[in-house]
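Each residue of the sequence shown is one higher than the one before, counting from 25 in this note's numbering.
Each residue gets a CB set at the ideal place from its N, CA and C atoms; glycine is no exception.
Beneath this line is the structure, given in structure tokens, with notes to follow.
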Amino acid sequence: MDKIIISAEEAKKSSFEELFKKLYSSKKGISSSEAQKRFQEYGPNEISEKKINPIVKFIKYFWGPMPWLIEVAIILSALIQHLADFGIISTLLALNAVVGFWQEHKASNAIELLKEKLALKARVLRDGKWQEISAKELVPGDIIHIGSGDIIPADSKIMDSISADESALTGESLPADKKSSDIAYSGSVVSQGETNAVVTATGLNTYFGKTAQLVEKVLKHGQTQSV
Numbered sequence: 025m026d027k028i029i030i031s032a033e034e035a036k037k038s039s040f041e042e043l044f045k046k047l048y049s050s051k052k053g054i055s056s057s058e059a060q061k062r063f064q065e066y067g068p069n070e071i072s073e074k075k076i077n078p079i080v081k082f083i084k085y086f087w088g089p090m091p092w093l094i095e096v097a098i099i100l101s102a103l104i105q106h107l108a109d110f111g112i113i114s115t116l117l118a119l120n121a122v123v124g125f126w127q128e129h130k131a132s133n134a135i136e137l138l139k140e141k142l143a144l145k146a147r148v149l150r151d152g153k154w155q156e157i158s159a160k161e162l163v164p165g166d167i168i169h170i171g172s173g174d175i176i177p178a179d180s181k182i183m184d185s186i187s188a189d190e191s192a193l194t195g196e197s198l199p200a201d202k203k204s205s206d207i208a209y210s211g212s213v214v215s216q217g218e219t220n221a222v223v224t225a226t227g228l229n230t231y232f233g234k235t236a237q238l239v240e241k242v243l244k245h246g247q248t249q250s251v
């Protein structure tokens, strides 16, 4: 099966028959051998993040067109002995780096806190049998079972109605009522009901994954626009 990316909107609009056809799956799930092939294609169901040394991250705030111009101004102020200008410009450059670094640090911590709430295990139907596996091993087309108190391990189209706490993702304080054929998002928690569901997206293709990518882009943009 070629890698197929299905958006939440497309998955919600599609009937189960259409979705199963697109994902080459069924209500009986997929086989373990097929799951292994898809795992190689889609990768693990997790949010990967490149770790950067904090010192290197901080130094980056002094690197770029705008910081270079300010650093040239600092050098010129020192050469002509305008100490007041030298002190003010140096302070502004350092303050900008500290503020930018701290904002990025807080955003990174927020993502880490959310990642800690992602499911570790999942109950999945493979080879015609229900089994518990690591949530990282889920692939699109898998059939999972979720019930009250469970963390939803991947974006999934549900077969029966449930209520889900999506506050960690959307900020909404009240549980969201999910009807049959709705999409339940990875990282949300089933507050009431139970259902089988077909996995439609994993990893960075989930709602949470795309949110994390968006935050990362904003942070990178903030670095380039700093000062």
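For K46, the CB contacts under 8 Å within the same chain, skipping 5 residues up- and downstream, are I28, I30 and S38 in chain order.
With contacts defined by Cβ atoms closer than 7 Å, S212 and A178 do not form a contacting pair. Of the other Cβ atoms in all chains shown, 16 or more fall within 10 Å of the Cβ of E161; this residue is therefore buried.
The continuous alpha helix (DSSP H) containing W92 extends over residues P89 to L103. In the pairwise beta carbon analysis, the region 165–182 is classified as not touching the region 193–200: fewer than three pairs are separated by under 8 Å. Put simply, of N120, L43, K145 and P164 the residue whose alpha carbon is nearest the alpha carbon of M90 is N120. With contacts defined as CB atoms closer than 7 Å, V223 and D151 fail to qualify as a contacting pair. Approximately 12 Å separates the beta-carbon atoms of T226 and V148; this is outside 8 Å, ruling out the contact. Beta-bridge partners of W154 (DSSP): L149. Of the other Cβ atoms in all chains shown, 16 or more fall within 10 Å of the Cβ of V214; this residue is therefore buried. In the three-state reduction of the DSSP assignment, S204 falls in the coil class. The Cβ-Cβ distance between N220 and M183 falls below 7 Å.
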